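All remarks here apply to the structure that follows.
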Amino acid sequence: TLFRSGTREAATAAAVAGDPEQSMAITLTVHRQEPCLGALLTAEHVKGHFSLAVEEGKENILRVSDNISFSDVNSIVRYLARTAAPSGLYGSNLMEHTEIDHWLEFSVTRLHAASTFPAAIQDLNRSLSLRTYLVGHFLSIADLCVWAKLKGSHEWQKQLQLNKGPAHAKRWYDFLEAQVSFQSVVAKWAVSAPEIKTVSEKKADVGKFVELPGAEMGKVVVRFPPEASGYLHIGHAKAALLNQHYQVNFKGKLIMRFDDTNPEKEKEDFEKVILEDVSLLHIKPDQFTYTSDHFETIMKYAEKLIQEGKAYVDDTPAEQMKLEREQRTESKHRNNSVEKNNQMWEEMKKGTELGQIGR
Numbered sequence: 413t414l415f416r417s418g419t420r421e422a423a424t425a426a427a428v429a430g431d432p433e434q435s436m437a438i439t440l441t442v443h444r445q446e447p448c449l450g451a452l453l454t455a456e457h458v459k460g461h462f463s464l465a466v467e468e469g470k471e472n473i474l475r476v477s478d479n480i481s482f483s484d485v486n487s488i489v490r491y492l493a494r495t496a497a498p499s500g501l502y503g504s505n506l507m508e509h510t511e512i513d514h515w516l517e518f519s520v521t522r523l524h525a526a527s528t529f530p531a532a533i534q535d536l537n538r539s540l541s542l543r544t545y546l547v548g549h550f551l552s553i554a555d556l557c558v559w560a561k562l563k564g565s566h567e568w569q570k571q572l573q574l575n576k577g578p579a580h581a582k583r584w585y586d587f588l589e590a591q592v593s594f595q596s597v598v599a600k601w602a603v604s605a606p607e608i609k610t611v612s613e614k615k616a617d618v619g620k621f622v623e624l625p626g627a628e629m630g631k632v633v634v635r636f637p638p639e640a641s642g643y644l645h646i647g648h649a650k651a652a653l654l655n656q657h658y659q660v661n662f663k664g665k666l667i668m669r670f671d672d673t674n675p676e677k678e679k680e681d682f683e684k685v686i687l688e689d690v691s692l693l694h695i696k697p698d699q700f701t702y703t704s705d706h707f708e709t710i711m712k713y714a715e716k717l718i719q720e721g722k723a724y725v726d727d728t729p730a731e732q733m734k735l736e737r738e739q740r741t742e743s744k745h746r747n748n749s750v751e752k753n754n755q756m757w758e759e760m761k762k763g764t765e766l767g768q769i770g771r
């Protein structure tokens, strides 16, 4: 399993979906004074897929059974969307799941405080410049939760009144607001827009997509450089999906480069499996390269550094070099002359016995 985000909701949704009696017990309790609009909108869109009761109470909570309940909005909407999988509200593949999770977090973090709200709205506007929905080509819980947050935002409502909202974000917001399902939920629960918080709050320890200040649409180039010496793990998957996110959102270019400069470790079988895993993640690189394709360029830069006295050649045996590093002991070759380094470099390039001493 590559992704752990929301695994409790996923496992519970899968279990309940196969148990008709448990499905009958699902109840969404809503606080009348502080209704959870994102959860209400999701409930409205999944009501035809399974039995769900919505009632007023003293808190916002989704009760699945006597032992299972969810109280935070992101867990609630993810659970409902996963239980009603045919609705497509949680996307159709791993990449869309990841993007949706990003927007769910965006709605409860960057749109939550006054200090981050202006920049968040601009990022939202850029993401919607050529889109009808936040993720893919259909409505998702990403749209529902971000829209709900803006509906309850005093700052956003003020921008709308003054006709100052960014064009793309405003177009998207107005389009969703005109939908019957949105209008009925808002009318029934009389959602108001409180002041957004201005006090500094400790940020939750959650992952996110790092912003790219100054990045220009169509000019962002990212790369994923696995070494074909083993299988991909969850860290590789995260790195690959992160690069894919920037490639997609900035309409940029993703280069997949195999690091093949260590022939003792690389194997063709691993390369084949890595390509299969990347395909499974729905990642589509624009270009495939190998480090060895650029070996001549790398050699030239190495020689340039040697000539400038910024690098030296070291034939110290590996174990001794490791010990010297641990003891922070300077190598005996550190202060060699440029001429001496050039001589050792040429021996290494020729693969002579002297040039292989340090191997």
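The opening position of the sequence shown corresponds to residue 413 in this note's numbering, with each subsequent residue numbered one higher. Glycine included, each C-beta is placed from N, C-alpha and C at the ideal position. Here the structure is a predicted model, which means the values were calculated and not measured.
CA-CA distance, Y658 to W515, rounds to 14 Å. Within 10 angstroms of the beta-carbon of H566 lie fewer than 16 other beta-carbons, which makes it exposed.
Note on geometry: alpha-carbon atoms of S596 and F662 lie some 35 Å from one another. Counting only residues of its own chain and dropping the five nearest sequence neighbours on each side, V725 has a CB closer than 6 Å to the CB of N753, M756 and W757. Straight across, the Cα-Cα distance linking E742 with A730 is about 14 Å. With three or more CB-CB distances shorter than 8 Å, the segment 494-506 counts as touching the segment 448-468. For L440, the uninterrupted beta strand (DSSP E) run begins and ends at T439 to H443, by DSSP.
Looking at V685, W601 and H694, the one whose alpha-carbon comes closest to that of E639 is V685. The shortest C-alpha to C-alpha distance from D513 to any of I710, L653, A723 and E765 is the one to L653. Contact annotation: R475 and T441 have beta-carbon atoms nearer than 8 Å. Secondary structure at V725: coil, using DSSP grouped into helix, strand and coil.
Cβ contact annotation for K631 (same chain, cutoff 8 Å, sequence separation greater than five): F662 and G664, in chain order. By the C-beta density criterion, F700 is exposed, having fewer than 16 other C-beta atoms within 10 angstroms.
DSSP lists V633 as the beta-bridge partner residues of K665. Looking at H645, V634, L693 and T673, the one whose alpha-carbon comes closest to that of I667 is V634.
If you check the CB distance, W601 and P447 come in under 8 Å. By the criterion of at least three beta-carbon pairs nearer than 8 Å, the segment 518-538 is in contact with the segment 565-582. Membership of V685 in the alpha helix (DSSP H) is indicated by the continuous run E680 to L692. Contact between L501 and S552 holds: their C-beta atoms lie close to 5 Å from each other, under 8 Å. Residue burial is scored here from C-beta neighbours: M629 has fewer than 16 other C-beta atoms within 10 angstroms and is therefore classed as exposed. Q591 carries a coil assignment under DSSP once its states are collapsed to helix, strand and coil. Between S463 and I438, the C-beta spacing is below 8 Å. Boundaries for G548: no beta strand (DSSP E) harbours it, and the DSSP string shows neither H nor E there.
A Cβ-Cβ separation of about 5 Å places N655 in contact with F636 under the 8 Å criterion. Collapsing the DSSP output to three states places V476 in coil.
Around the beta-carbon of H549, fewer than 16 other beta-carbon atoms lie within 10 Å, marking it exposed. In the displayed model, S481 falls within a strand according to three-state DSSP. Here K563 is not near V592, since their CB atoms are 8 Å or more apart. Between S704 and D727, the C-beta spacing is not below 8 Å. The Cβ neighbour count for L542, taken over all protein chains shown within 10 Å, is under 16; the residue is labelled exposed. Comparing alpha-carbon positions, the option among L717, K650 and L644 lying closest to E683 turns out to be L644.
Within the model, the alpha-carbon separation for L574 versus L540 is close to 21 Å.
Sequence-distant partners of E467 (beyond 5 residues in either direction) whose C-beta falls short of 8 Å from its own C-beta, in its chain, are T439, L440, T441 and V442.
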